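Asker: Encoded as structure tokens, here's the structure I'll be asking about.
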Amino acid sequence: MKYALFLGCKSSGHLPAYELSARAVLGHLGVTLIDLEFDCCGYPARDVSRDAFVVAAARNLALAERAGLDLLTLSSCCFGTLRHAIRFLGEDAALRARVAQALAAQGLAWSGKSAVEHLLQVLARDVGFDVIAAAVRAPSAGLRVAAQYGCHALRPSDVTGLDNPMAPTVFETLLSLTGATPVDWPRRLDCCGDPLHQANAALSERMTRAKIADALESGAEAICSACAHCHLRFDAVQVDSSDPPIRTLLYTQLLGLAMGLPAKSLGL
Amino acid sequence: MSPAILLSAFYASLVLCALGLAWRASAWFRLRIGPDARDITWSQRVAAVFRGAASALFGSRILRLLAALLLDVLLLRRLFAREKLRWTGHLLVVVGFMLLLLMHALAPLVSAKLFPGYQPTLDPYFFLRDLFGAMILAGLALLLSGRRADFPQRRGLIDWAFVTLLVAVVVTGFLFAGYKIASPRAFYRMTEQFIGSTDPVKLEPLRAVWASEFGVAFGDLKQPIDPDLMEQGRKMQRDACASCHSKPASAFVSYPVARALAPVERSLDAGRADVWLLYLHVFACFLGLASLPFTRFFHVVAAPVSLLVDAAAQDRAFSSAGRVAQRALALDACVHCGICDSRCSVAPVARYLNNAYLLPSYKLGATGALARGRLPRDEADPAAEGAFLCTDCGRCTSSCPVGLDLADLWQAGRGDLAAAGFPAPAQWVQARSALAWAESLEADSAQHPLVDADAAFAPLSAERRTFSRCVQCQTCTNVCPVVAHSIDAEHGVDLTPQKVMNLLRLGLRDLTLGSRMVWDCASCYQCQENCPQGIRVADIMLELRALSVHRLGAVRGQREPS
Amino acid sequence: MSSARQDSCDVAVIGAGMAGMAAALFAAERGLKCIQVGNSGGLLFASGLLDLLGVQPVAEGRLWQSPFEALAALAREEPLHPLARVDARSIRSAFDSFVAALGGSGLHYAPLGERNRKVLTSIGTIKTTYGVPRSMIAGADLLDARPPCLLLDFRGLREFSAAQIAATLGERWPGLRHRQIEFPGGEALPELYGAHLARALESAETRARAIALVKPLLGDAHAVGFPAVLGLARSGDVHAAFEAGLGVPVFEIPTMPTSVPGLRLLRALEGLMSARGVHRHHQAGARALTFDADGATATLELEGISTGSGGERVFARAVVLATGRFSGRGLSADRAGVRESLLGLPVQQPASRAAWHQRDFLDPSGHAINRAGLRVDDAWRPLDAGGTPAWPRLHAVGSILAHQDWMRSKCGAGLAIATAWAAIDQVTRELRGTAAG
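Residue numbers (this note's numbering), protein chains in the order written: chain C, 9 to 276; chain S, 5 to 566; chain V, 27 to 463.
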């Protein structure tokens with residue numbers, strides 16, 4: 009199992025612990041991660057130009073293809089964006105031609121060979137629940153966790169192909185393998201609000217707070233995110249807040265602890 | 005040459021330089037960058053700087069400061085880590101220049117005091133002087149031959165002038181040294197002073213040695229030279245000259261220059277090149293000194309300050325006044341190396357959109373220009389686009405060799421742009437209602453016949469079949485979190501997703517472009533996932549967003565039709 | 027996961043409406059590996075009420091207190107009607123099983139019995155149905171006695187007016203009061219949407235505020251009626267909280283589609299699919315269905331519902347066609363006639379287009395076009411042009427079937443659930459049979 013690690017703009021700068029813990033955990037589970045010179049997946053460019061976003065995404069895909077690798081994303085947002093680019097390239101021939109031209113100017117080309125996978129998919133499908141279960145040595149004693157997939161990991165399901173978008177269970181299964189108790193929370197599939205924080209800060213904040221309140225009301229002690237953006241958002245909105253707080257965790261940290269890896273290697 | 009003129013010229017340049025430095029540094033206390041700078045006075049900044057300096061110098065962090073001084077300022081550790089070629093070039097220039105300054109320019113103060121018996125024409129000083137000059141040129145060559153960037157660093161005319169000046173200083177230095185090596189006039193001046201004679205016949209043996217081994221271009225020596233004459237000359241050399249003169253072949257640049265100048269040496273002598281070449285050289289130096297603060301090479305002062313500040317402040321925990329001062333400092337400390345641009349995550353987007361202002365170095369320039377009130381309108385629009393497409397990945401900040409807090413600058417810059425009337429599209433779209441925007445578009449299309457390039461730009465919304473199946477069931481609206489959390493009409497959406505789809509069905513796309521919904525969409529894709537008819541609601545919404553920037557941006561400058 | 031390009035299963039269910047969902051559910055419960063294809067959006071139009079059989083015959087508009095007696099009459103009068111071809115015991119088992127599964131998913135129904143129930147609708151009419159959500163049953167219980175009651179609506183919630191309901195009922199329910207209140211948090215909004223209100227009420231704080239607004243208005247009301255917005259994922263809890271807080275029975279009134287109970291049904295059924303291991307392709311439809319020569323395997327080619335792109339394939343030992351009628355595009359019509367979209371199976375239909383509709387839109391006997399559909403044999407297999415089953419293990423269920431007018435008979439859910447049960451029964455026998463043999 010070898011993947012090109014796609015960190016995304018948030019993980020490297022703002023959430024180094026995610027990268028650290030992901031490398032530690034995946035390394036232990038037999039997944040080799042290769043670093044390529046990736047750039048932004050293109051998500052913010054979609055606001056001004058579909059072409060620019062697809063070109064940016066395609067560049068990353070072309071780099072991976074040249075190295076003969078598939079991409080593994082840590083952020084649901086990057087995952088969805090890259091996959092959307094693949095879909096647009098598939099259905100729009102004129103776009104494909106324009107993108108090919110832009111890539112060729114950089115000496116790159118993409119012919120659809122490299123695939124984009126989410127961390128959860130790699131863990132569930134490539135590594136497998138049995139292997140993960142066997143690797144757990146110190147399961148957490150029933151920590152009640154609310155699982156946050158991240159919208160772009162689930163929808164639209166013909167792009168993401170990750171579990172049932174209306175009733176996903178893969179993340180909850182992965183969480184229970186670490187000894188944690190996943191809670192059912194009504195707003196679990198709602199958007200965290202992060203994409204709106206620049207355009208409409210007030211609305212974005214209401215969305216995030218509603219999720220946190222819902223998780224707490226459902227008995228969760230922590231929110232565990234599979235997306236760097238969601239995780240950072242839950243943290244950011246709780247700074248200087250008088251609302252009841254909730255812990256935020258990364259799955260790779262939780263799994264790493266359960267596997268008995270040293271806390272320092274997980275960024276804790 | 006009159007020492008008085010020289011000295012007054014020197015003092016004048018020094019004063020100009022000092023005034024220039026002071027004026028540039030004053031900008032760190034005057035320039036307002038960021039909306040939070042509005043309430044900070046210059047005296048608050050001065051106080052913050054003093055407090056910070058005091059706590060750094062007289063606290064435990066003094067060691068960190070010293071380490072930073074050695075490793076970051078002198079040895080350029082951060083640059084070494086990022087671009088070794090550039091580091092080599094930079095070190096060559098700086099070390100070459102500093103040593104040349106100390107050993108050669110300030111010889112009476114430095115070399116003469118440190119090394120008894122110092123003479124510029126004596127080895128190793130003769131060799132070293134050339135070495136240092138050569139280092140400067142080699143370093144410059146390395147720096148200028150750097151990587152090719154799609155969007156090159158912007159260099160002002162004055163910056164190129166300064167570099168030319170620096171090269172001129174070194175080149176005139178070599179020329180002057182070469183001239184003097186080959187100059188008969190200089191020879192005779194020396195013999196008059198130390199032997200008491202300028203008689204060519206009497207000095208024939210010495211002249212023979214100086215012609216063959218010291219490169220003087222007499223032009224009137226009898227050839228071939230008698231070996232006995234040479235022997236005699238060497239004796240005279242040892243007695244009268246050797247204590248101050250080494251063979252100039254060690255001056256590996258000046259000596260070849262001297263040989264090259266040999267054919268024209270006597271005309272140079274006749275033309276008093278010993279005066280004007282010297283003036284050229286020295287005044288080039290003075291000009292450089294005086295003009296330094298006014299070029300981007302002011303960074304020789306600002307960059308070390310920035311590095312020391314960065315070392316002194318733990319995790320960039322500045323007071324608000326300190327932070328504001330640091331932003332202004334950053335504008336000067338930037339060395340325009342372009343490393344930030346090469347690491348920028350959205351560089352591919354910048355290339356495709358052909359907008360350099362997505363790149364950090366250009367953003368920095370625009371931020372400074374805006375703060376000084378000098379950002380022209382046709383630069384402000386691309387600058388705003390660049391500012392708001394930045395993903396805050398932080399790679400520029402972590403890769404900056406001078407330790408600039410670029411992330412903070414981008415935050416401040418966005419605020420300034422918004423305050424100056426160039427906010428993100430999500431904000432400027434709100435300036436008018438969707439209906440008013442549609443009316444503007446209509447008024448515009450009356451003047452410019454509509455060429456629908458939209459089909460390529462926004463294919464889904466241009467294709468009626470995409471949403472012709474919409475039965476207005478309102479499922480999209482019901483599952484939309486943005487509509488759910490819109491708590492009042494003013495801050496919430498004006499058109500729900502189902503209404504947007506309805507307008508599209510009716511062929512009234514222009515009415516949707518100015519809608520809040522288009523920009524408040526969180527792209528959570530609940531609508532698209534739940535739509536019973538499989539309509540790509542969210543994809544369409546995002547297309548409309550890009551289209552709105554494009555179409556509304558074109559009429560934004562026009563007045564609202566009344 | 028659905029990123030696989032090829033997959034195989036015991037039974038492929040094409041369609042994710044009520045019939046498709048029921049079929050997939052029953053198949054999974056019998057241990058069959060099931061893959062389901064289709065957009066479940068049609069469920070959003072459900073009201074939450076499960077009709078079995080309310081009107082028979084349609085032309086007379088005769089309502090029945092007992093759906094099973096109605097079914098008996100149906101069997102005599104319209105033996106070709108799909109519901110007439112499922113035995114009563116199977117119908118009971120099907121409904122019990124379906125409702126029990128929903129209950130396990132948090133969506134509780136009042137106990138099913140021998141009688142139809144009468145339920146108040148959002149326009150003040152009274153509807154006959156069989157399965158009633160627990161959150162609505164109190165209203166049905168009161169409909170005979172009609173004691174003093176309070177009906178509420180929320181300002182801004184469209185297409186629901188307590189005043190209109192009261193006006194429509196008029197003298198028939200003199201003790202019915204109605205009030206309009208502001209939804210907590212929605213005071214500054216011109217329009218409200220049911221799903222958002224339902225979500226908001228899952229927060230204890232919002233609930234408390236709503237209850238506080240209603241309590242002073244109770245008076246002598248024996249019960250309070252709300253638009254059906256009491257919770258989405260936790261509707262049981264929300265309903266119970268309102269009853270506890272107000273101290274009187276609380277009942278929901280089904281609203282216009284797309285309604286919250288429809289959304290609840292969708293969520294519950296998707297949750298069941300996930301829990302039972304049914305592999306779903308949400309945004310895909312069937313592009314082509316072919317059968318191999320030896321009759322053992324069917325190959326289903328998928329395509330994106332919105333994009334038309336495809337490439338995924340499902341291999342199945344049996345297929346259930348639950349593609350619905352015109353809005354779900356199981357059937358398509360043009361001036362020439364009605365076609366079955368996927369396989370081009372012959373569609374039972376009026377001889378000419380002129381015979382599709384009666385002149386009067388509201389003609390009590392209904393329109394002949396609505397009875398068009400697929401003919402099936404006793405094993406629920408659609409027939410080809412020659413009158414033989416198109417494929418040994420291809421079955422058709424739900425509203426695509428001919429000889430029924432579910433809207434007028436008030437038998438939509440019954441049609442879907444009962445035929446799905448019967449077809450899956452058949453499939454189970456077929457597959458077990460072939461496995462053993």
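Where is the CB? At the ideal position from N, CA and C, for every residue including glycine.
Bear in mind that the values here come from a model prediction, so they are computed numbers and not experimental data.
Report the three-state DSSP secondary structure of residue 491(S) (helix, strand or coil).
Answerer: As a first step, residue 491(S) is located in the second sequence; it is residue number 487 there, counting from the start. Residue 491(S): coil per DSSP, three-state reduction.
Asker: What separation, rounded to the nearest whole angstrom, lies between the Cα atoms of residue 524(S) and residue 212(C)?
Answerer: Reading the second sequence from its first residue, position 520 is the one you call residue 524(S). Reading the first sequence from its first residue, position 204 is the one you call residue 212(C). Each residue's Cα considered, the two are about 9 Å apart.
Asker: Report, in whole angstroms, the separation of the C-beta atoms of residue 70(V) and residue 492(S), which I expect to be a contact under 8 Å.
Answerer: Sequence index remark: in the third sequence, residue 70(V) carries index 44 (1-based). Sequence index remark: in the second sequence, residue 492(S) carries index 488 (1-based). Wrong, their Cβ atoms sit about 28 Å apart, outside the cutoff.
Asker: Is DSSP giving residue 251(S) helix, strand or coil here?
Answerer: If you number the second sequence from 1, residue 251(S) lands on position 247. Three-state result, residue 251(S): coil.
Asker: Can you check which of these residues, 204(V), 347(V), 276(V), 262(V), is closest to residue 23(V) by C-alpha distance?
Answerer: As displayed, chain V neither begins before 27 nor continues past 463, which places residue 23(V) out of reach and without an answer.
Asker: Would residue 177(C) pass as an interface residue toward chain V - the criterion being a Cβ-Cβ separation below 8 Å?
Answerer: Walking along the first sequence from the start, residue 177(C) turns up at place 169. It does: the Cβ of residue 177(C) has a partner Cβ on chain V nearer than 8 Å.
Asker: The alpha helix (DSSP H) with residue 314(V) in it runs from where to where?
Answerer: For the purposes of this step, residue 314(V) is identified with residue 288 of the third sequence, where counting begins at 1. Bounds of any alpha helix (DSSP H) do not take in residue 314(V); it lies within the beta strand (DSSP E) bounded by 310 to 317.
Asker: Is residue 398(S) close to chain C, meaning its C-beta is less than 8 Å from at least one C-beta of that chain?
Answerer: For this step, residue 398(S) is matched to residue 394 along the second sequence. Yes, contact with chain C.
Asker: Under 8 Å: do the region 251 to 268 of chain C and the region 19 to 30 of chain C share three or more Cβ pairs, one atom per stretch?
Answerer: Three or more Cβ pairs closer than 8 Å define a contact, and the region 251 to 268 of chain C meets that threshold against the region 19 to 30 of chain C.
Asker: Restricting to Cα atoms, I'd like to know which of 295(S), 310(S), 394(S), 188(S) is closest to residue 163(S).
Answerer: Residue mapping note: residue 163(S) aligns to position 159 of the second sequence, counting from 1. Taking only the C-alpha atoms, the option nearest residue 163(S) is 295(S).
Asker: Using a Cβ-Cβ distance under 8 Å, would residue 232(V) count as near chain C?
Answerer: The count along the third sequence starts at 1 and reaches residue 232(V) at position 206. So no, residue 232(V) is outside the interface.
Asker: Run through chain D and tell me which residues come within less than 8 Å of residue 490(S), C-beta to C-beta.
Answerer: Of the protein chains in the structure, C, S and V, none is chain D.
Asker: Nearest to residue 240(V) by CA position, among 258(V), 229(V), 274(V), 425(V), is which residue?
Answerer: In the third sequence, residue 240(V) corresponds to position 214, counting from 1. Of 258(V), 229(V), 274(V), 425(V), the residue nearest in Cα terms is 274(V).
Asker: Sorted by chain position, which residues of the same chain lie with C-beta nearer than 6 Å to residue 401(V)'s C-beta, five sequence neighbours on each side aside?
Answerer: As a first step, residue 401(V) is located in the third sequence; it is residue number 375 there, counting from the start. Closer than 6 Å at the Cβ level, and outside the excluded window around residue 401(V), lie 374, 409, 428.
Asker: Could you name the residues of the same chain whose beta carbon sits closer than 7 Å to that of residue 314(S), not counting the 5 residues immediately before and after it, in chain order?
Answerer: Here the question's residue 314(S) lines up with position 310 in the second sequence. So the qualifying residues of the chain are 407.
Asker: Could you say if the region 73 to 81 of chain S and the region 340 to 353 of chain S meet the contact criterion of at least three C-beta pairs nearer than 8 Å?
Answerer: no
Asker: Do residue 255(V) and residue 33(V) have their beta-carbon atoms positioned less than 8 Å apart in this structure?
Answerer: Translated into positions along the third sequence, residue 33(V) becomes position 7. Translated into positions along the third sequence, residue 255(V) becomes position 229. In this structure, residue 255(V) does not lie closer than 8 Å to residue 33(V) by Cβ.
Asker: Mind listing the chain V neighbours of residue 221(C)? Cutoff is C-beta to C-beta under 9 Å, in chain order.
Answerer: Within the first sequence, residue 221(C) is the residue found at index 213, counting from 1. Within chain V, the residues near residue 221(C) are 229, 231.
Asker: DSSP state of residue 498(V), grouped into three classes?
Answerer: Past the boundaries of the shown model lies residue 498(V); chain V is included only from 27 to 463, so the question cannot be answered.
Asker: In chain order, what residues of the same chain have a beta carbon less than 6 Å from the beta carbon of residue 140(S), not counting five sequence neighbours either side?
Answerer: Along the second sequence, one-based indexing puts residue 140(S) at 136. Cβ within range, chain order: 97, 100, 101, 174.
Asker: For chain S, check one thing: does any of its Cβ atoms lie closer than 8 Å to the Cβ of residue 54(C)?
Answerer: One-based indexing of the first sequence puts residue 54(C) at position 46. Answer yes: the Cβ-Cβ gap between residue 54(C) and chain S drops below 8 Å somewhere.
Asker: Mind pulling the chain S residues with CB within less than 7 Å of residue 60(C)?
Answerer: As a working note, residue 60(C) is residue 52 in the first sequence. Near residue 60(C) (Cβ distances below 7 Å), the residues of chain S are 353, 356, 357.
Asker: What would DSSP say about residue 158(V), mapped onto helix, strand or coil?
Answerer: Here residue 158(V) corresponds to residue number 132 of the third sequence, with the count starting at 1. Correct three-state label for residue 158(V): coil.
Asker: Quick one: grab the DSSP three-state call for residue 42(C).
Answerer: For the purposes of this step, residue 42(C) is taken as residue 34 along the first sequence, with counting starting at 1. Reduced to three states, the DSSP call for residue 42(C) is strand.
Asker: Check the Cβ of residue 405(V) against every Cβ in chain S and list those closer than 9 Å, keeping chain order.
Answerer: Start at 1 with the first residue of the third sequence, and residue 405(V) comes out as number 379. The contacting residues do not exist; residue 405(V) stays about 31 Å from chain S at best.
Asker: In whole angstroms, give me the CA-to-CA distance for residue 60(C) and residue 356(S).
Answerer: By 1-based counting over the first sequence, the position of residue 60(C) is 52. By 1-based counting over the second sequence, the position of residue 356(S) is 352. Answer to the nearest angstrom: the Cα atoms are 6 Å apart.
Asker: Residue 256(C) lies in the beta strand (DSSP E); which residues open and close that run?
Answerer: As a first step, residue 256(C) must be located in the first sequence, where it is residue number 248. Element bounds for residue 256(C): 255 to 258.
Asker: Would you decide whether residue 500(S) is buried or exposed? Buried here means 16 or more other CB atoms lie within 10 Å of its CB.
Answerer: In the second sequence, counting from the first residue as 1, residue 500(S) sits at position 496. Buried, by the Cβ-count rule.
Asker: Identify the continuous beta strand (DSSP E) that holds residue 81(C) and give its terminal residues.
Answerer: Position 73 of the first sequence, counted from the first residue, corresponds to residue 81(C). 78 to 81 is the extent of the beta strand (DSSP E) around residue 81(C).
Asker: Residues of the region 370 to 393 of chain S with a CB closer than 9 Å to any CB of chain C: list them in chain order, please.
Answerer: 389, 392, 393
Asker: With a threshold of 8 Å, are at least 3 pairs of Cβ atoms found where one atom belongs to the region 80 to 97 of chain C and the other to the region 44 to 58 of chain V?
Answerer: No contact exists between the region 80 to 97 of chain C and the region 44 to 58 of chain V.
Asker: Taking the alpha-carbon positions, what's the residue 88(V) to residue 439(S) distance?
Answerer: Stepping through the third sequence from its first residue, residue 88(V) is reached at position 62. Stepping through the second sequence from its first residue, residue 439(S) is reached at position 435. Using only the alpha carbons, I get a separation of about 52 Å.
Asker: Between which two residues does the alpha helix (DSSP H) carrying residue 31(C) extend?
Answerer: Taking the first residue of the first sequence as 1, we reach residue 31(C) at position 23. For residue 31(C), the enclosing alpha helix (DSSP H) has its first and last residue at 24 to 36.
Asker: Tell me which residue opens and which closes the alpha helix (DSSP H) that residue 129(S) is part of.
Answerer: Here residue 129(S) refers to the residue found at position 125 of the second sequence. Segment 129 to 148, the alpha helix (DSSP H) holding residue 129(S).
Asker: So which residues of chain S does residue 225(V) contact, with C-beta pairs closer than 8 Å?
Answerer: The residue given as residue 225(V) occupies position 199 in the third sequence. Within 8 Å Cβ-Cβ: 488.
Asker: If you count every other CB in all the chains shown that lies within 10 Å of the CB of residue 343(V), and 16 or more means buried, which is it?
Answerer: Translated into the one-based positions of the third sequence, residue 343(V) becomes position 317. Its Cβ being crowded by 16 or more others within 10 Å, residue 343(V) is buried.
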